[in-house]
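Numbering (the numbering used here), first residue to last: 68 to 316.
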């Protein structure tokens with residue numbers, strides 16, 4: 068149940084095109100559905116503007132399939148994150164309309180057209196090619212939530228001229244998601260060039276002293292540039308959601 072569907076239902080009752088019993092039947096599943104192994108939040112699109120997202124890691128294929136089917140029955144757009152290739156292949160077979168992004172490890176199944184809800188562009192920037200999977204998760208998430216998204220990849224500080232060459236792209240964005248591993252310096256550089264919110268995403272990419280992304284995380288938390296917010300290690304999804312909320316009309 069989303070805002071558009073609820074509005075249509077209420078208008079149907081008002082115009083006597085939908086009976087009271089039919090409307091009650093539609094509403095009785097709110098605010099959740101008990102699937103035994105999961106409690107699906109069917110009210111989330113009404114509260115937050117986007118339905119519950121399925122975190123695929125740790126869930127079995129039958130569990131993901133059941134949650135997906137329930138959401139599609141309600142005409143919800145379905146986004147699944149952290150979906151490995153084996154599950155991705157099985158879900159595409161079960162749901163032919165599914166689109167699998169192997170780089171981002173996401174699946175998106177569209178029940179209805181995505182309504183553009185952003186005021187401007189969300190620019191996803193990443194330091195190196197090894198950071199692209201996390202950056203793509205952020206980009207796909209923001210796109211599914213109705214944002215115009217542009218990408219700027221492999222522009223890390225080891226070759227500073229690369230990011231400086233794209234200043235116009237940085238300045239044109241309304242919100243920037245900046246993804247980096249290693250020492251995590253790129254968000255500070257970008258934030259020093261723009262007057263927009265910068266969401267920094269540390270990745271676990273790096274040699275031993277990177278400590279699985281902890282070094283990067285701490286570096287970003289200690290940024291000397293104003294306006295930098297930081298999400299958890301490898302959390303492209305969280306960055307995409309935050310960017311979408313900031314960019315929302």
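Glycine residues also receive a C-beta, built at the ideal position from the N, C-alpha and C atoms. What you are looking at is a predicted structure, and each value in this text was computed from that prediction instead of being measured.
- According to DSSP, residue 296 shares a beta bridge with 266.
- When DSSP assignments are scanned along the segment 177 to 232, the uninterrupted stretches of beta strand (DSSP E) that are 3 or more residues long and fall wholly within it turn out to be 188 to 193, 215 to 219.
- Residue burial is scored here from C-beta neighbours: residue 154 has at least 16 other C-beta atoms within 10 angstroms and is therefore classed as buried.
- Two segments are said to touch when three or more pairs of C-beta atoms, one from each, lie closer than 8 Å; by this definition the segment 184 to 204 touches the segment 248 to 263.
- Comparing alpha carbon positions, the residue from 230, 119, 275, 78 closest to residue 212 is 119.
- Residue 262 sits away from residue 292, with the two beta carbons spaced by 8 Å or more.
- Here the segment 267 to 275 makes no contact with the segment 227 to 239; the two share fewer than three CB pairs at distances below 8 Å.
- Two segments are said to touch when three or more pairs of C-beta atoms, one from each, lie closer than 8 Å; by this definition the segment 279 to 286 does not touch the segment 218 to 225.
- In the displayed model, residue 106 falls within a strand according to three-state DSSP.
- Between residue 123 and residue 149, the C-beta spacing is below 8 Å.
- Counted as a single uninterrupted DSSP element, the beta strand (DSSP E) harbouring residue 247 occupies residues 242 to 247.
- Here residue 135 carries a helix assignment [DSSP, helix/strand/coil].
- Residues of the same chain with a CB within less than 6 Å of the CB of residue 111, apart from the 5 flanking positions on each side, are 118, 119 in chain order.
- Across the structure, residue 158 and residue 260 are spaced so that their CA atoms are roughly 42 Å apart.
- Secondary structure note for residue 302: it is in no beta strand (DSSP E), with a DSSP letter that is neither H nor E.
- By the Cβ-count criterion, residue 77 is exposed, with fewer than 16 other Cβ atoms from all chains shown falling within 10 Å of its own Cβ.
- In the three-state DSSP reduction, residue 81 falls in the helix class (H, G or I).
- Secondary structure note for residue 255: its alpha helix (DSSP H) is the uninterrupted segment 253 to 258.
- If you ignore the 5 residues before and after residue 297, its C-beta comes within less than 6 Å of the C-beta of 267, 287, 288, all in its own chain and listed in chain order.
- By the CB criterion at 8 Å, residue 173 and residue 146 fall inside the cutoff.
- Between residue 258 and residue 290 the beta-carbon gap is near 7 Å, inside 8 Å, which marks them as a contact.
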